[in-house]
Amino acid sequence: MTDPVPSTTAEQTRTRHRLRLPRDTDPGDVLSMVRNVRPAAQEDEDGVIDLGDGARLIPDRSPRGAGRWSVDTPREREDPLPEGMSDSHGYGRAFPEGMPFRVERQTLDLAWSLGRRMYGAVVTDGGVRLEPHPFHVRDLRVVTAHALAPESLAQLLAPVDPEAELDEVPENASRTGYSATLPLPDGEAISLRVGRSSRPVALSALSWIEDAVDYELVHLTADPEEDAIELPEPEVAERWQHAYRRIGLLAGLLVESVGGYVVDLEGFLIDPADLA
């Protein structure tokens, strides 16, 4: 009997996680979502999405594989999460012997974000299920070519939130560099910050992006550490959902008024129709 051929170093340092999306998810939607944050991603004739840096999303072509993808990536681990520290993605729970980092971490983050946006989950190579809460990321940004003066923004907000107040406006802030606060129950608030564009990757091809303006809508929680929660209690999840709906309403109002695009905190485009 011949001895088995040993695996190469490259094979030994790769791993596969799994991305599980609803069975009716269109693979084209997955590619579009990926290209929001990785515009160079390429799809081959077999539907495999090359993410770059040796990472890939491989669709499951089996009869029961609809909506399922293998997350094929180099395996790179560092020290475990320090004891007592929580993390919003659940990586400390999923990788007790060492946290993913570099390419593996970036690829896993992308898969987690796809699960959040598309109501799915990630199953790690160790069999741990990570199920992002759909309202974990609530902040939105309207990116537009048109800037409103502070008094115009106040007039726009008044009918939908009479309690909205402009914060102290700097003397040189004619149309950017100012903010407003919209109160929420339980001591929370939404901060609407008007500034120069962050130039999201998804909008980099627009001719006017260099001169664009951001209307950033940020959920200010009463407990700043709340965003580190992986699995929110029902009461917390309800507050997150309420805040996101208010932020979505405001983002939709801004798009109707000044045009532009809605982008979430992680750089993914959002259809304003989905915010109604």
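Heads up: the sequence shown at position 64 corresponds to 489 in our numbering, and the numbers run straight through without jumps. Glycine is no exception: its CB is placed at the ideal position from the N, C-alpha and C atoms.
Take residue i and list the residues in its own chain whose beta-carbon comes closer than 7 angstroms to its own, dropping the five residues that flank it on each side.
| i | result |
| --- | --- |
| R563 | H644, W665, A668, Y669 and I672 |
What are the boundary residues of the beta strand (DSSP E) that includes residue i?
| i | result |
| --- | --- |
| E641 | V638 to L645 |
| L607 | Y603 to P608 |
| L476 | I474 to G477 |
| D702 | Shown here, the chain extends from 426 to 701; a query on residue 702 therefore has no answer. |
| A614 | A614 to R621 |
| A546 | A546 to V548 |
Could you give the residue range of the alpha helix (DSSP H) that holds residue i?
| i | result |
| --- | --- |
| Y516 | Y516 to A519 |
| H667 | P659 to V683 |
| P633 | According to the sequence provided, residue 633 is Trp. The question's Pro does not apply to it. Unbroken run through W633: none, as it is neither H nor E. |
| T450 | Looking at the DSSP string, T450 is not in any alpha helix (DSSP H), and its letter there is neither H nor E. |
| L575 | Checking the sequence, you will find Pro at residue 575 rather than Leu. That run of the alpha helix (DSSP H) goes P575 to L582. |
| S513 | Premise fails: S513 is in no alpha helix (DSSP H) and is neither H nor E. |
| V585 | Careful: V585 lies outside any alpha helix (DSSP H) and carries neither H nor E. |
| R541 | R527 to R542 |
Per DSSP, residue i forms a beta bridge with which residues?
| i | result |
| --- | --- |
| D689 | L565 |
| I483 | S495 |
| E590 | T606 |
| I695 | V687 |
| H442 | V496 |
Using C-beta distances below 6 angstroms, list every residue in its chain close to residue i, excluding the 5 sequence neighbours before and after it, in chain order.
| i | result |
| --- | --- |
| D534 | none |
| T434 | Reliability fails at T434, whose pLDDT of 44 lies under 50, so the model's placement of it is uncertain and the value that follows must be treated cautiously. If we look at T434 and ignore the five residues flanking it on each side, it has no Cβ neighbours. |
| S432 | Because S432 carries a pLDDT of 42, less than 50, the predicted location of this residue cannot be relied on, and no value is offered for it. |
| G515 | L555 and E655 |
| G371 | Residue 371 cannot be examined here, being either before or after the span of the chain that is shown, 426 to 701. |
| D538 | The residue you asked about is not Asp; residue 538 is Ser in the sequence shown. Once the five neighbours on either side are set aside, the close Cβ partners of S538 are E691. |
| L675 | L642 |
Since residue i and residue j should fall inside the 8 angstroms C-beta cutoff, what is the C-beta to C-beta distance between them, to a whole number of angstroms?
| i | j | result |
| --- | --- | --- |
| H561 | R541 | 6 angstroms |
| V473 | R481 | 6 angstroms |
| V528 | L679 | The pair is not a contact, with the Cβ atoms about 36 angstroms apart (cut-off 8 angstroms). |
| D512 | A653 | 6 angstroms |
| A579 | G551 | About 52 angstroms separates the two Cβ atoms, so there is no contact after all. |
| G692 | P595 | Rounded, the Cβ-Cβ distance is 28 angstroms, inconsistent with contact. |
| A627 | N461 | 4 angstroms |
| G517 | R502 | G517 to R502, Cβ: 13 angstroms. No contact. |
Enumerate in chain order the residues of its own chain whose CB-to-CB distance from residue i is below 8 angstroms, with the five nearest sequence positions on each side excluded.
| i | result |
| --- | --- |
| A465 | G477 |
| S604 | L591, D592, S616, L617, R618 and V619 |
| P505 | G517, F520, P521, E522, G523 and M524 |
| E613 | H644, L645, T646, A647, R664 and A668 |
Cβ of residue i within 8 angstroms of any heavy atom in the ligand MN?
| i | result |
| --- | --- |
| G477 | As far as ligands go, the structure on display features none, and thus does not contain the ligand MN. |
**Message:** Count Cβ pairs between the region 547-565 and the region 451-463 that sit closer than 8 angstroms; are there 3 or more?
**Reply:** No: fewer than three Cβ pairs fall under 8 angstroms.
**Item:** the region 488-502 in contact with the region 570-579 per 3-pair CB rule at 8 angstroms
**Value:** no
**Message:** Pairs of beta-carbons, one from the region 679-692 and one from the region 585-595, closer than 8 angstroms: are there three or more?
**Reply:** no
**Cβ contact check for the region 440-450 and the region 520-537: 3 or more pairs under 8 angstroms** = yes
**Request:** Taking 8 angstroms as the threshold, find out whether the region 610-624 comes into contact with the region 591-602 through three or more Cβ pairs.
**Result:** yes
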